[in-house]
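Using the working numbering, you'd call the opening residue of the sequence shown number 477 and step up by one each time. Note that the Cβ used here is the ideal one computed from N, Cα and C, for glycine as well.
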Amino acid sequence: MQHADMPQLSLWAPDLPPKGLAGQPTESAFWRGSLASRARTRDEQKKLGQFMTPVPIARCMAERLVRCHQWASRTVRLLDPAAGSGVLAAAVVEAMVSSRARPARIELLMCELDATMLPLLDTCSSELAALCASHDVAFDCRIDAGDFLQSALAQSREPVIDAVIANPPYFKLTGHDERARAFSHAVHGQPNIYALFMASCASLLRAGGRFAFITPRSWTNGAYFRALRNHLLARLAIDSLHLFDSRQAHFKADAVLQEALLTWATAGAPQSNVSVSISAGAGDLAAAKAQIWPAHRVIGPAPDHMLGIPATRTSKRLVGLRLSDLGLKVSTGAVVGFRAMPHLRTSSSPTSLPMLWMPHVRTMRVEWPRQHRAEHIDRNEDSAWMLLPNRPMVLMRRFSPKEDARRVTAAPYLGQLPGSHIGLENHLNVIHPSAGSLSVDAARGLAAYLNSQPVDDHLRSVLGSTQVNAIELRNLPVPGLVVLESIGRAVAASLSVDDAVAAGLAAATGLLTQHA
C-alpha cells in the first residue's frame, strides 16, 4: 500500500463503477480499493500506512519489471507482500500475459494484513484467472491474510520467488518490535517498516529474479539506512530508478517529507549501468526521458553506498577530499530549546553568552541579535557542556524549504560576537576543527562553497528530504584548505559566491568536478 496520501478521488475513484473495466483488472482493483479506503478516516489510513497506488504508476512498475526479463514458457512465481486491493499484482499479471515472452504458468502470492481488503483480493484473483485463461496461461493464486513480515516465507529468507512488486506500508517501528528484531541484519535503531519489506523481498528472489518497489527516497542516503543499502546491493543489481520530485503532483504526502522513488533491480546480477528518469508526478510519468549513467555515478562507495539521482547529462560529479581530511568535524548544536530553558535568557547578563538559533543563520552571514526567542544563554556548571569556544567556524541550517533556491544555507562565523563561548541550537550544524583553529579565510571560503551551485546540485542528487544530516556533510567532497582560503579571499573582495567558487575550483585544475 502507498505511503503517501491518496490522490483526489474525483480523478481516480468515482462513486459509480467506471465503464469499460471488463478485462482490466488493474483499474478495477484500484477502483474497489479506493472506495474501501474512503470508508476510513485519515488517521486510520496513516496507522495502516495504507494508500492506493495510482494506475499509471502501477503500470509503469509492472511493464518495466516484465520488459527487462524473459519468462517465455516458464512457471513464474510472483509475490506482492503488501497487496492491498491487488493493483500492483494485477498490473504485473496483465503485463506478463501481454508480453511476447509470456509465461506458461503464473503462481501469484498476495499477502495483506488488512482484513477488509481480503474480499477485494478474492475478486481481483478471479479477474486475473479469467484474463490468464483468455491468453492460455495457467494461473494459480494464493492469498495470505496476516503480516507478511511475520510469515514463514519472509522468515525463511529462502530464494524461491521469481518476481516481487510492492508498495509497502510506511511507518516507524520501535527498536523492540519483534519484526525489527527479526530483520536486525538489515536494519537498526527504529526502522521504518518499508525498509523491512525491501530487505525481506531481496532475500527471497532467485538468481535473475526481478524486484520493483515504490518507496520514499529516504533509504538511498544517510547512516540510518546504511545496513539496508548494503543488504540490497549485496543481493541485487539496480537496473533503473525513477524519481517523483514533487510531493504535490500525485502524492500529497503532507505527513511524509520525502520524495517517492521507483526502484527496479535484478537478483544475483553484476552491477552495470543504471537508467535514471525523473518526473513531477504520475501525470508526466509517460513523458519522462531516461538517461543511462555508469553505476559509480549513482551508487556511492563503501561503506555508505549512498545513491544519487543525477539530474541531467550535463551534471557534474563532485570529487575531492572529505572534511575529516582537512582536520574538520561536523557537530549538531547541543542546545535543545525546551531542555535548556533554565539556562536561556532574553537579555544579557554578566554570566550570559550569545545564543544562536536557526533564524540567525542567513546565507553567508550571521544576524545577531534579531529579537528571536532567548538570544542569550547563561554559562554555569550545568550548561557548560552545551557551549562551543568562540572562534571561526561554519554554521549551517539543518532544514530548508524544498522550494528554496538552494538546499544549503550556510554562514561563516568569524568569532565576532562577545564572550569566550557561544551556544548553538539543535537545528544548526557546525563545521569546526577537531583541534587547533580554522582561519577566517577558510571559514568564509568553506561557507561560500557550501552555498554554491555545484554543492546544491550534488545534495539534490542524493537527498530526498529537506534535512541535511551530518553524514551527508561528512561525505561531501571538498577542495583543500588552500583552495577554500582563496575562495574566502575572493568573497571578502566582493566577488559573488558562485563566481568565487568557480574561480577557486578552476584554479584546482578541475580535480573537484568532472563530467560523468
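Exposure label - residue i; buried when at least 16 CB within 10 Å
i: A982; result: exposed
i: S972; result: exposed
i: V977; result: buried
i: G698; result: buried
i: H819; result: buried
i: E570; result: buried
i: W861; result: exposed
i: S859; result: buried
i: E503; result: buried
i: H726; result: With a pLDDT of 44 at H726, under the threshold of 50, the modelled position of that residue is not reliable, and the figure given next carries that caveat. Buried, by the Cβ-count rule.
i: L948; result: Before going further, note that residue 948 is Glu rather than Leu in the sequence given. Burial call: buried.
i: R789; result: With a pLDDT of only 46 at R789, under the threshold of 50, the placement of this residue in the model should not be trusted; the figure read from the coordinates follows. Burial call: exposed.
i: R849; result: exposed
i: H652; result: exposed
i: G980; result: buried
i: E843; result: exposed
i: S748; result: exposed
i: S800; result: exposed
i: A763; result: exposed
i: H991; result: Below a pLDDT of 50, predicted positions are generally treated as unreliable, and H991, at 42, falls in that range; the measurement from the model is reported next regardless. Exposed, by the Cβ-count rule.
i: R815; result: exposed
i: D598; result: exposed
i: S513; result: buried
i: G744; result: exposed
i: H772; result: exposed
Closest by C-alpha distance to residue i, when choosing among the options
i: R883; options: R936, V552, A745, V837; result: R936
i: K505; options: L594, A580, S627; result: The residue you asked about is not Lys; residue 505 is Ala in the sequence shown. Comparing Cα positions, the closest option is L594.
i: A675; options: L554, S660, H652; result: S660
i: R508; options: E603, Q546, I768; result: E603
i: N668; options: C617, F687, H897, W695; result: W695
i: Q500; options: D620, S601, L511, H836; result: S601
i: I853; options: R821, A580, I714, P835; result: R821
i: R618; options: I582, Y646, Q631; result: I582
i: R553; options: S513, G685, A512, D590; result: G685
i: V870; options: G964, L511, V958, M782; result: G964
i: R633; options: L719, A662, G622, A642; result: A662
i: A688; options: T839, V568, V531, R920; result: V568
i: D638; options: A605, L584, G622, A630; result: L584
i: T742; options: A538, L719, D715, E735; result: D715
i: P865; options: Q847, T839, P888, G899; result: G899
i: V636; options: F624, A683, V613, T599; result: A683
i: D556; options: A887, M537, A924, A548; result: M537
i: T885; options: M840, A919, V563, R514; result: M840
i: L564; options: L738, F647, L719; result: L738
i: E588; options: L680, D616, A621; result: A621
i: H897; options: L863, M528, N643; result: L863
Same chain only: Cβ atoms within 6 angstroms of residue i, ignoring 5 sequence neighbours per side
i: H1019; result: Residue coverage of the chain in this structure runs from 477 to 992, which leaves residue 1019 outside it and unanswerable.
i: E901; result: G809, V811, W833
i: A609; result: none
i: R867; result: G891, S913
i: S561; result: A505, R508, G509, M593, L596
i: A656; result: L649, P667
i: L708; result: A678
i: A766; result: S751, S753
i: A758; result: P530, P532, I533, H726
i: I907; result: L804, V806, V870
i: D535; result: As written in the sequence, residue 535 is Arg, which differs from the Asp given in the question. Cβ neighbours of R535 beyond the five flanking positions: A567.
i: R549; result: Sequence check: residue 549 is Ser here, not Arg. Cβ neighbours of S549 beyond the five flanking positions: A580.
Residue i at chain D interface by Cβ criterion, 9 angstroms
i: A559; result: In summary, chain D is missing from the structure at hand, where a single protein chain is found.
DSSP beta-bridge partners of residue i
i: V806; result: I907
i: A739; result: According to the sequence displayed, residue 739 carries Thr and not Ala. Bridge partners of T739: F689, L717.
i: C608; result: DSSP output for C608 lists no bridge partner at all.
i: S536; result: The sequence given here has Cys at residue 536, not Ser. Note: C536 sits in no beta bridge, so no partner.
i: P888; result: V870
i: H897; result: P865
i: L797; result: V954
i: T551; result: R581
i: C617; result: L584
i: I775; result: L783
Nonlocal neighbours in the same chain, by C-beta distance under 8 angstroms from residue i, ignoring five residues either side
i: N856; result: H819, T827
i: H781; result: R702, R705, N706, L709, I775
Cut-off 7 angstroms between Cβ atoms - residues of its own chain near residue i, not counting five sequence neighbours on either side
i: P994; result: Within the shown structure, residues of the chain are numbered from 477 to 992, placing residue 994 beyond reach of any answer.
i: T551; result: P579, A580, R581, E583
i: S928; result: V973, D974, V977
i: S824; result: H852
**3 or more residues per run - each beta strand (DSSP E) lying fully within the stretch 558-601** = 581-588
**Message:** Restricting to runs no shorter than 3 residues, where is the beta strand (DSSP E) found entirely within the stretch 808-873?
**Reply:** 828-832, 852-854, 863-865, 869-873
**Message:** In chain order, what are the residue ranges of uninterrupted alpha helix (DSSP H) at least 4 long that sit wholly in the stretch 624-670?
**Reply:** 628-632, 654-658
**Prompt:** Counting only runs that start and end within the stretch 740-770, where is the beta strand (DSSP E) found for 3 or more residues in a row?
**Reply:** 750-755, 767-769
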